[in-house]
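Notes follow once the structure below has been shown.
Chains as they are written, first to last, in this note's numbering: chain B, 127 to 437; chain S, -15 to 283.
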């Protein structure tokens, strides 16, 4: 027992984690084997008898799940603890376990908010825009036959995503080790991370709101006749109040339903059925919205259309 | 776990069946210009779908080619039209814009929708609504693959437990990085390869027979479904004192008549984030709530 973790061991451990964090993702203990796998260079360095090795492997095969890039700070801290323990410090299994299970939740929250909640949607929206799909705007149709796509949109997305997440992962992992667990817990306590998350939430909310406005589109096509005049519910009523009101309502309703523990799968199925039912023509043949004027279904896919002749 | 799996399977099959069975009675439309997909191209596409879930791209498959935008580019490269492929991938990606995976569950499989959807759209020269009509049910079917993976991997976990008992470091490592990949490869490569090499004409035939209203319905769904991804994302950050920024972002886009660029929104967001943190400091609990809201990371 004993030894010093080299920089090479640390880098090897980080590479194993960044590659294989989800290689054996499973419902029972999620990233358990991935954590143990990432610890193997450290275990090889620090422990030498079969009993010690077996105990260390089992110690790290417990339930573990976090966001892979930001969560690396946990691995760094745990490596530092294992090193101290192997060199005689009084650190028991409980201390290591409590650092892992105590930090994995908050770091998943931070990581998901920033990575999946903010960075990815921004990069995707940027790439999709460059690729050639603009906003699904009133009156416009994303016609795949006439727009020329731009592969650069996807290339920029891939390069930026790789670069950003690689940098976050590397810094988190190595800082976790060099500064140790006190650094991690101090930071959590000091409120610095609080400020980062709050800032990220501000940015994330602004971006999500913008994306909702750009890409969630619902148009009412149901024709309402007042006497002899055709009243277009979309352009004459909704758009006069607040353009995009229906989309905003839809997003807020979805958010509320998700909070009521309705599963996303159920919502996908329900919305699909609503969209199909909304497209059923109840008065004559279904129009081709790309080329024709307003039809007589309840909903319609692309922006407000010309009113049909009054009856 | 079993009940959840059965429910996923049932829902996906019903939806897939619904969409495939609907149009069989209607007459064929004129056949559009098509690209044939060779066996080798189908092989490459299936490898690509496997890589999007596998660990080999520095573990960043999930953050890159798992997304239809990037998948579309690569399918386009394989089939000889990267520009069109990227465009179709971008269109399919709209549904999964706010896609978030937390705690080991996913609301659909953007990767399968991207890889297979783009292949179909390119090979059959589909339009926007038709591309969505195929991408949405494919994405739902993808959750079956996901559940197979998450359930099957338990076997390797228990194998690792036994080898840890014997202090066999090498085998514990291989139980994480090697053996599960054989399983993942089987459940991702085989269905996509079979479909891309054998099933394209069958589905294309059905698609060209879809009545106009079904295609209109799918185009409507294309405007409605992004709400789910965005709302899932909101569960993490739409809370506390930062809620108004969501409405501000929405209003900025509406007020600019959809002409504002996402980069401008990003810059405005950074400025507001700085000001908010500077003036609110730690009195705001919104961020802390977000940090403790999720107890589990991404898939």
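Heads up, the beta-carbon is just placed ideally off N, CA and C, and yes, glycines get one too.
Keep in mind it's a predicted model, so treat the numbers as computed, not measured.
Using a Cβ-Cβ cut-off of 9 Å, state whether residue i counts as contacting chain B.
i: residue 140 of chain S; result: yes
i: residue 145 of chain S; result: yes
i: residue 25 of chain S; result: no
i: residue 237 of chain S; result: yes
i: residue 49 of chain S; result: yes
i: residue 128 of chain S; result: no
i: residue 174 of chain S; result: no
i: residue 170 of chain S; result: no
i: residue 20 of chain S; result: no
i: residue 107 of chain S; result: no
i: residue 258 of chain S; result: yes
i: residue 188 of chain S; result: no
Could you have a look at residue i and say whether DSSP puts it in helix, strand or coil?
i: residue 346 of chain B; result: strand
i: residue 190 of chain B; result: strand
i: residue 351 of chain B; result: strand
i: residue 152 of chain S; result: coil
i: residue 401 of chain B; result: helix
i: residue 137 of chain S; result: coil
i: residue 287 of chain B; result: helix
i: residue 388 of chain B; result: coil
i: residue 195 of chain B; result: coil
i: residue 221 of chain S; result: helix
i: residue 180 of chain B; result: helix
i: residue 127 of chain B; result: coil
i: residue 292 of chain S; result: There is no way to answer for residue 292 of chain S, as the model of chain S reaches only from -15 to 283.
i: residue 160 of chain S; result: helix
i: residue 15 of chain S; result: Residue placement at residue 15 of chain S cannot be trusted, given a pLDDT of 42 that sits under 50; what the coordinates show is reported in the next sentence. Residue 15 of chain S falls in the coil class under three-state DSSP.
What does the Cβ neighbour count give for residue i, buried or exposed, with the cut at 16 atoms within 10 Å?
i: residue 228 of chain S; result: exposed
i: residue 199 of chain B; result: buried
i: residue 298 of chain B; result: buried
i: residue 258 of chain S; result: exposed
i: residue 179 of chain S; result: buried
i: residue 351 of chain B; result: exposed
i: residue 68 of chain S; result: buried
i: residue 127 of chain B; result: exposed
i: residue 150 of chain S; result: exposed
i: residue 173 of chain S; result: buried
i: residue 388 of chain B; result: exposed
i: residue 253 of chain B; result: buried
i: residue 382 of chain B; result: exposed
i: residue 304 of chain B; result: exposed
i: residue 163 of chain B; result: buried
i: residue 132 of chain B; result: exposed
Kindly say whether residue i, judged by its beta-carbon, lies nearer than 9 Å to any beta-carbon of chain S.
i: residue 309 of chain B; result: no
i: residue 136 of chain B; result: no
i: residue 397 of chain B; result: yes
i: residue 263 of chain B; result: Note that residue 263 of chain B has pLDDT 47, beneath the 50 cutoff, so the model's placement of it is unreliable and the number below is only indicative. So yes, residue 263 of chain B belongs to the interface.
i: residue 222 of chain B; result: no
i: residue 226 of chain B; result: no
i: residue 389 of chain B; result: yes
i: residue 359 of chain B; result: no
i: residue 437 of chain B; result: Confidence at residue 437 of chain B is low in this model, with a pLDDT of 43, below 50, so the placement of that residue is unreliable and no value is reported for it.
i: residue 301 of chain B; result: no
i: residue 148 of chain B; result: yes
i: residue 348 of chain B; result: no
i: residue 352 of chain B; result: no
What does DSSP give as the partner residues of residue i in its beta bridges?
i: residue 152 of chain B; result: B:156
i: residue 77 of chain S; result: Answer is none; residue 77 of chain S lacks a bridge partner.
i: residue 426 of chain B; result: B:345
i: residue 194 of chain S; result: In DSSP, residue 194 of chain S forms no bridge with anything.
Going by Cα to Cα distance, which pick from the options is closest to residue i?
i: residue 256 of chain B; options: S:211, S:54, S:199, S:33; result: S:54
i: residue 192 of chain S; options: S:58, S:20, S:115; result: S:115
i: residue 321 of chain B; options: S:175, S:254, S:32; result: S:254
i: residue 126 of chain S; options: S:145, S:96, S:102, S:117; result: S:96
i: residue 236 of chain S; options: B:357, B:258, B:337; result: B:337
i: residue 192 of chain B; options: B:345, B:285, B:179, B:235; result: B:235
i: residue 136 of chain S; options: B:138, B:153, B:404; result: B:153
i: residue 282 of chain B; options: S:20, S:70, S:202; result: S:70
i: residue 92 of chain S; options: S:124, S:72, S:82; result: S:124
i: residue 407 of chain B; options: S:238, S:209, S:246, S:201; result: S:201
i: residue 229 of chain B; options: B:247, B:196, B:213, B:278; result: B:196
i: residue 83 of chain S; options: B:221, B:346, B:242; result: B:242
i: residue 143 of chain S; options: B:137, B:150, B:145, B:427; result: B:150
i: residue 113 of chain S; options: S:194, S:44, S:241, S:132; result: S:194
Give the interface partners of residue i over in chain C, defined as CB-CB distance under 7 Å, in chain order.
i: residue 184 of chain B; result: The question asks about chain C, but that chain is absent: this structure's protein chains are B and S.
Could you tell me if the beta carbon of residue i falls within a distance shorter than 8 Å of some heavy atom in the ligand GTP?
i: residue 55 of chain S; result: Among the components of this structure there are no ligands whatsoever, and the ligand GTP is therefore not found.
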